[in-house]
Structure formats: structure tokens, C-alpha cells
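Residue numbers (my numbering): 3 to 202.
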């Protein structure tokens with residue numbers, strides 16, 4: 003069992019669907035630069051597809067049902083088409099790009115069925131990106147007996163988990179009418195989830 007995923011899911015359930023969607027949008031946006039880096043390095047994919055999808059996700063936090071099911075499904079299929087296959091690339095950057103894509107993919111699916119599992123997945127993908135980054139940055143042997151403890155205590159992992167919890171707490175204290183452009187701008191963290199250049 004993924005304890006962190008279940009824990010964050012338990013906290014997310016106290017948010018409205020619109021607040022859950024905003025949490026996911028903020029997380030997708032911070033993972034996006036990893037896909038852009040992958041695209042520029044390998045010349046594969048289409049960053050605009052992810053950006054367009056993130057844009058409709060943000061728009062939907064203001065106006066529910068702004069986009070019909072067919073439009074959302076088209077975005078889901080478009081994201082699927084530009085999601086890299088990890089078997090096609092030997093470098094770790096493909097894993098980061100995959101997490102960026104699957105985060106957007108899961109969020110779009112949430113817009114169709116409002117299953118909280120999709121949002122919990124988004125939180126987990128961001129956690130997974132940080133986890134993999136730490137392993138590569140520190141050249142940690144995956145068989146290291148205290149691997150999970152070492153990663154969990156890394157400042158970067160503590161920071162990412164703290165960011166997620168902080169956003170949930172802020173959103174929980176708000177009413178839906180309080181979600182405005184100014185609020186979203188205040189919640190946006192323009193820093194990247196990881197500094198991918200460190201391991202390039």
C-alpha cells in the first residue's frame with residue numbers, strides 16, 4: 003500500500019471538486035517544465051498539448067461544465083498521443099516527462115468522473131518525480147536498505163510534501179466563491195518541482 007497516497011487522499015476528500023481540481027492544476031503546472039526539458043533534449047512530443055490541457059483545467063475551476071465530455075475526451079487522447087514510452091528511452095528524463103503527462107491525463111479524467119483517485123494520483127506523481135530525482139542526484143543504490151527513510155528525510159521531499167499539504171489546508175479554509183484569479187496567482191508556485199539541470 004502507498005501510505006502517502008492514502009494519506010493525501012484522505013485530506014483531499016475534504017475539498018470540493020473545484021478545489022480538488024485546482025490542487026491538481028497547480029501540481030500539473032509545476033511538473034510541466036520536466037516535459038518541456040524532455041522535448042527539447044530528445045525532440046519528441048508536443049509541449050503545447052500539455053499547456054492547452056492545463057489551461058482548460060484552470061478554466062474549469064471557475065466554471066463547472068465549461069467544456070463538454072467530447073472536448074475533454076479529445077484532450078485526453080491528445081495527451082495520450084504525446085506521452086513518451088519509458089521503454090523507448092534509457093535516460094531518467096523520460097520518467098519525469100511521463101509523470102508530467104500522467105498528471106494532466108489523470109486530472110482530465112477527473113473532470114469526467116470526479117473520482118478522487120485521479121487527484122491522489124496527481125499528488126503521487128509529483129512525489130514520484132522528487133523520489134526519482136533524489137535517487138539519481140545522490141546516485142543511491144536502489145538496494146540500499148534505508149532507501150525509503152533516506153528519501154523521505156531529504157529536504158526536497160519534505161518541501162514537496164509540505165507544499166501539497168499547505169495548498170490543501172489553504173483551499174480547505176476557502177469557500178468556492180473565494181476562488182478567483184488573484185487567489186490562484188497567489189497559490190501558484192513558479193519554482194520547479196525539481197532542478198533537472200542538476201542531473202543533466
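Here a beta-carbon is modelled for each residue, glycine too, at the ideal position from N, C-alpha and C.
In this text the structure is predicted, and so the values were computed from the model without any measurement.
Hey, residue 35 and residue 194 are a contact pair by Cβ (cut 8 Å); roughly how many whole angstroms apart?
5 Å
Which same chain residues, not among the five before or five after residue 85, have their C-beta less than 6 Å away from its C-beta?
Only 103 meet the Cβ criterion.
Decide if residue 68 is buried, meaning its Cβ has at least 16 other Cβ atoms within 10 Å, or exposed.
exposed
With burial defined as no fewer than 16 other Cβ atoms inside 10 Å of the residue's Cβ, what is the status of residue 200: buried or exposed?
exposed
Let me know the secondary structure DSSP gives residue 145 once reduced to three states.
Secondary structure of residue 145 (DSSP, three-state): coil.
Specify the secondary structure class of residue 164 as computed by DSSP and reduced to three states.
In this structure, residue 164 counts as helix in the three-state DSSP scheme.
Can you say whether residue 129 is buried or exposed, counting buried as having 16 or more other CB atoms within 10 angstroms of its CB?
buried
Quick one: grab the DSSP three-state call for residue 95.
Helix.
With DSSP collapsed to three states, give me the class of residue 190.
coil
Going by DSSP in three states, residue 111 sits in which element: helix, strand or coil?
helix
Run through DSSP, which three-state label would residue 134 get?
In the three-state DSSP reduction, residue 134 falls in the helix class (H, G or I).
Nearer than 8 Å: is that true of the beta carbon of residue 125 relative to any heavy atom of the ligand HEM?
As presented, the structure is devoid of all ligands, the ligand HEM included, so that no description of it is given.
Once DSSP output is grouped into helix, strand and coil, what is the label at residue 67?
coil
In whole angstroms, what separates the C-alpha of residue 132 from that of residue 162?
8 Å
Please confirm if the segment 65–80 is in contact with the segment 141–149, defined as three or more CB-CB distances below 8 Å between the two stretches.
Short answer: they don't touch.
Which of the three DSSP states, helix, strand or coil, is assigned to residue 104?
helix
Exposed or buried, residue 88, counting other C-beta atoms within 10 Å across all chains shown (16 or more means buried)?
exposed
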